[in-house]
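Chains as they are written, first to last, in this note's numbering: chain A, 220 to 976; chain B, 1188 to 1463; chain C, 4 to 164.
What follows is a short report on a single structure.
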Amino acid sequence: MSIMGTRVVRTEDPLFLSRGATYTDDLIDERLAGALHLTLVRSPLAHARITAVDVTGARAAPGVADVVTGVDIDLAPAKLSAVAPDGMVRPWLATDTVRFVGEPVAAVLTEEPYQGQDAADLVEVDYEPLPAVIDLRAAASDEVLLFPEAGTNTAAGFGLDTEPDEHLFDGCEVVVTREIVNQRLAAVPLETRAAAAVWRPDGDGDGRLTLWCSTQNAQSARTEVAGWLGIDAAQVHLITPDVGGGFGAKIGADPEFALVGWLARRTGRPVRWSETRSESMTGMLQGRGQRQTVTIGGTRDGDVLAYRLDVLADAGAYPRLGATLPYFTCLMAPGVYAIGKVESRARSVVTTTTSTGAYRGAGRPEATAAIERAMDLFAAEIGKDPAEVRRRNMVAPDAFPYTTASGATYDSGRYATALDTVLEAAGYADLRVEQAARRERGDAVQLGIGLCAYVEITGGGAFSEDASVEVHPDGTVTVLTGTSPHGQGHATAWAMLAAEHLGIDIEKITVKHGDTDLVPRGSGTMGSRSLQTGGVAVYQAAGELVELAKQRAAQRLEADPADLVVSAGTVAVQGTGAGVSLAELAVSERLRVDTVFDAGKPSFPFGAHVAVVEVDVESGKAVLDRIVTVDDAGTVLNPLLAQGQRHGGIAQGVSQALLEEVVYDADGNPLTATLADYAFPSAAELPSFTLLDMATPTPYNPLGAKGIGEAGTIGAAPAVQNAVVDAVSQLGVRHIDMPTSPVRVWEAIQAASKGNP
Amino acid sequence: MIPVGFAYVRPDSVDEVLALLVEHGEDATVLAGGHSLLPVMKLRLAVPELVVDIGRLPELSYIRVEGSADGGEVAIGAGTRHRLVESSDVLGTEVPLLAAVARTVGDPQVRHRGTMGGSLAHADPAADLPAAVLALGGTVVLRSLRGERRVPITGFYTGVFSTVREPDELVVEVRVPITGSAGWAYEKFTRRANDWAIVAVAVVDGRIGLVNMGPTPLRASTTEAALADGASIAAAAALADEATDPAADVTATKEYRRHLVRVLTRRALTTAAAGS
Amino acid sequence: MTIDTVKITIGVNGESTSADVEPRLLLAHYLRDVVGLKATNIGCDTTSCGACTVLVDGEAVKSCTVLAVQADQQSVTTMEGLSPDAEHLHPVAAAFRAEHGLQCGFCTPGMVLAAVSLLTENPAPTEREVREGLEGNLCRCTGYHNIVRAVLAAAGREAGM
């Protein structure tokens, strides 16, 4: 019986639930004995010139081994974005100018961790304040430049060199336009960033750096760190212990990781660093942060004819991945709809805030939120049911592969089926009846029903992945993968894929990853890519290993390879008792296969969500009552794990819609820099979720699998936001920006009552 | 984040605590459950030289009914943890508002550590229990080597995080009148279940205590007076923000807090009226 | 001012531990760095996330907001103390595995101990009571869906009750 598609509990859990996982800060390793502890002194100002740094007091403090400032560092400043102008580089420790609250200014190394903050408090930095740049339009005006040498605050642009088509909406009976904010969010993996490093001489040259750090992709982190330190990638051995969540914010290496390595070289001692949450809330990459203008036009019957999306995106102080993510927002602009004319363009600008990067969805949720809000605005304007307008405009199931007007080629989809499935399961018609009754009665608690139909792009970053499978003489199996799980369950899922071919129990299969000496090449876990690239590679490797074993067994059994079958870890001649185990075949010669799978292109999962909220129209508080979802990511390997990804994704989407937002005041001070202030939800703010199954395979890989990691987030946020707006639409409200917090809902109702919808 | 270093002592009696407070004055800080103090010490906003731990003094942990001239009172030791208050049968019967309000403080872990006296003495305008004790018309008992004084809660708070407590004094007890079957309600408005209140309203026996509507807990006196004059609940509640001075923060504007307190007061009064 | 260390003795998972510590040492750091038990994680500075939850004399507390000296002469249970080994999981831990109530695992030790404490105080909770009982523990991976199911399953209850 096939193990594929079955509910298999995780093999990693018994350890996690008894002794606990081993995260970077948990490491007990003799190579780290006697390590110094790094504490960073960070800027309290958003934008300022540094006029003096005095470290004498800190140097004299108990336990201090070294205090380092920017002038001590002999490395070139880091260029963290390939597309940004040359001048937009980040110093390792700020020397002349600080550009966000939390920017590292000095490094303090102490014998004991508790001595670090005591000494750091004694570092005296004199600042001369410069004007903060927080508002994106102010940034785009270039009035105050963050990097005068760059001559602009624009870090990246997409489609900016083509003039807007003034005839885009010709022939439209109805045109609606609206400004929408897709707010900045903090990823908040429960494990903050951490690193540990030891630099050991290797007899000649610079020696070799062993660096443990919390990242979603060891191999690219190794390459980045080596590049920043100006050494060969082979001189860095990068290891990821267990990683306590990432959600995009731990893609690649952070400059702090390289600094830890550099300090280990400088001091000749191991160095450890683990940031506090308060540091993380300003130091770790943040997500989203777009100001969008949507314009949608069509007929009074409900045909959408044209759509324009203009994006102003927040790159933060030092452009990183976040500066380029609007590319995906533009690419995915029309969503699941067959819209004849689409224009999308984006500009990423630097601001005196924390840099932005990927956060669950990374550019695609912003596209979905925009088009799904636009569809509701359009439906409201023509007075039609939003479900009907959506269905009417969707790409038809027989149109695939389908290339959109914004240039994406979707692989497969049944968009209307997904929508109808969730509407049916949610009891859409009955919900509208209940809603009408509450409106009629004028209840304080009104019902809102929100829809989202989405398509997203997964496996879009790197299309290929490495895998190795080896059967050992003791019958155990080792799988090596270039993916980098941090909660997704690859130890279990990849074992299932190998077991399917080998017939060996998954308990005997060990999946190894995140060690660049063991797995030199790999692209990690991000962009919902792992199963459709790395998983398929493991599946392919195990299949190739079976063929190799058959070749070897054929000689030993004096049989034709074509007559051999593999089951339960044994190669046997079909119809006879003769056979040899894979373990025996590994005795005389290693039984190992290394392979690469290259999908060559991304896949496009899709789905539909219906959210039902209750909104107290007196207080403005919205509570999610139910959410019903279809998240079709093609063939499902392990429904338990796939559902887990959907649950987590949905929660983050719901939370964007209702609760979370990174807020800066006009001076650039972060107002949400602790978990007491940043509205990360608990179990008490969320309901259980209703998940419906649908699987439309992709033709792009032999498993038929697409990515599932981010789908829930992409679908849930617009559905919940639309539901909140729907709950108060009878009061004249047409739009409320996320998070639809009580004060915002109340203010929207107040504004609508004064004639501002 | 870790506190600045300090000396620590855990005395065996209240008398020892009081002697230490005389000896060290403002350099000493009393630690009970620590769930208000330790967070600010970790942020290095509080830097005491000496921490005097009263968290395990049995003589400060009790809930008992005591008679008095104008009816009964319940006396609650300052070191009584929220968990005991919320699950107390005595309070559930005699002062149900207080048990219900204690149940809304923080989260279960916080309630296992946090204490009645600590919550009152910390004087956070967003805290639940001070406004509840205010609505109840309770009394704070302060003791020092100079003696003991009973301060009505109406005169206890002087501003944000400040009270009339002198540096040599310890909050040892809170006394609240028995309200029995009198109608009560607590309307707490938060973003997340374990957040501090954006605004909250405690109502018992016609008295109204407001959370987070000014630097100290406040009574909605205008509303109380209107009710006494025979105004409807709706009309009286519409006055609930009079003489308040709410702050603006990332969760709410001043105007929103004023609106919210009117809504919550109407709801709390309606619930209390239905329950009496 | 020089600060004297304080000698403390704390029972951890049934074994007596003792050390001279700075008064400011947090219980979470005592467990991790003095005793060497690393399952207890620290996820925030503000008593918000609950990752550091342990049991002190049987009650869930956040060990980042308790000084080690405050736990002197008391008994502490960390996740390592719940199950004898990986093959014999405590019923609540076993339910977390069966229901996929963990992903990255960082919140898990605190979440499991909070659940144990919750079920001690309320052995047959409703779904709502579980959700409110776990309000002091944050998880970014699971959306709480399967955590809630796991706690209900450990109590012999079903979701939706």
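C-beta: ideal position from N, C-alpha, C; glycine also.
The Cβ-Cβ distance between A/His866 and C/Asn149 falls below 8 Å. Contact with chain B is absent for C/Glu18, since none of that chain's Cβ atoms lies less than 8 Å from the residue's Cβ. Taking a Cβ-Cβ cut-off of 7 Å, the neighbours of C/Val9 in chain B comprise Tyr1195, given in sequence order.
Judged by DSSP secondary structure, C/Ile11 falls within the beta strand (DSSP E) whose first and last residues are 9–15. Using a Cβ-Cβ cut-off of 8 Å, C/Ser86 does not count as an interface residue toward chain B, since no Cβ of chain B sits closer than that to its own. Excluding five sequence positions before and after B/Glu1356, the CB atoms of its chain that fall closer than 6 Å to its own CB belong to Leu1329, Ser1331, given in chain order. For A/His456, the uninterrupted beta strand (DSSP E) run begins and ends at 455–458, by DSSP. Taking A/Ala477 as the centre and dropping the five residues before and after it, the same chain places the C-beta of Val444, Trp447, Leu448 closer than 7 Å to its C-beta, in chain order. Between A/His954 and A/Arg592 the beta-carbon gap is near 7 Å, inside 8 Å, which marks them as a contact. In the DSSP assignment, A/Trp713 falls outside any beta strand (DSSP E) and within the unbroken alpha helix (DSSP H) covering 709–721. In the three-state reduction of the DSSP assignment, B/Tyr1195 falls in the strand class, which pools E and B. Three or more beta-carbon pairs separated by less than 8 Å are not found between the region 62–77 of chain C and the region 413–428 of chain A, which leaves the two stretches without contact. Interface residue (Cβ-Cβ distance to chain C less than 8 Å): B/Met1188 is classified as such. For C/Ile150, the enclosing alpha helix (DSSP H) starts and ends at 148–157. Collapsing the DSSP output to three states places A/Phe476 in a helix. The C-beta distance from C/Leu121 to C/Val79 rounds to 18 Å, too long to fall under 8 Å, and the pair is not in contact. Close partners of C/Glu138 in chain B (Cβ separation under 8 Å): Asp1294, Pro1295, Arg1379, Ala1380, Asn1381. Using a Cβ distance threshold of 8 Å, A/Ala712 and A/Leu737 do not count as a contacting pair. Of the residues C/Asp48, C/Asn44, C/Thr43, the one whose Cα lies closest to the Cα of B/Pro1226 is C/Asp48. Contact between C/Ala42 and A/Gly239 holds, with the beta-carbon distance rounding to 3 Å and staying under 8 Å.
For the set B/Glu1273, B/Thr1326, B/Gly1279, B/Pro1235, the Cα lying nearest the Cα of B/Val1359 is the one of B/Thr1326. In the assembly as shown, A/Gln774 is an exposed residue. Its beta-carbon has fewer than 16 other beta-carbons within 10 Å. Contact between B/Ile1250 and B/Thr1267 is confirmed by a C-beta separation of about 6 Å, below the 8 Å threshold.
Against A/Thr573, chain C offers no close residue; the least beta-carbon distance is about 17 Å (beta-carbon pairs closer than 9 Å). Not a single CB atom of chain C sits nearer than 8 Å to the CB of A/Ala536. Look at B/Ile1263 here: in three-state DSSP terms it is strand. Identification of residues in the region 105–138 of chain C having a C-beta nearer than 8 Å to some C-beta of chain A yields Leu105, Gln106, Cys107, Gly108, Phe109, Cys110, Thr111, Pro112, Val115, Glu130, Val133, Arg134, Glu135, Leu137, Glu138, given in sequence order. The C-alpha of A/Gly516 lies about 19 Å from the C-alpha of A/Ala672. Burial check for A/Leu379: the Cβ neighbour count within 10 Å stays below 16, so the residue is exposed. Close CB contacts of A/Arg519 within its chain, under the 7 Å cut and outside five residues either way in sequence, are with Glu392, Val393, Ile601 (chain order). The C-alpha of A/Gln505 is placed about 28 Å away from the C-alpha of A/Thr396.
In terms of beta-carbon proximity, C/Gly53 lines the interface with chain B, with at least one pair separated by less than 8 Å. Under the DSSP definition of a beta bridge, A/Ala374 lacks any partner. In the same chain as A/Gln862, and ignoring 5 residues on each side of it, the C-beta atoms closer than 8 Å to its own belong to Leu910, in chain order. A buried status is given to B/Glu1273, since no fewer than 16 other beta-carbon atoms sit within 10 Å of its beta-carbon. In the displayed model, A/Gln505 falls within a strand according to three-state DSSP.
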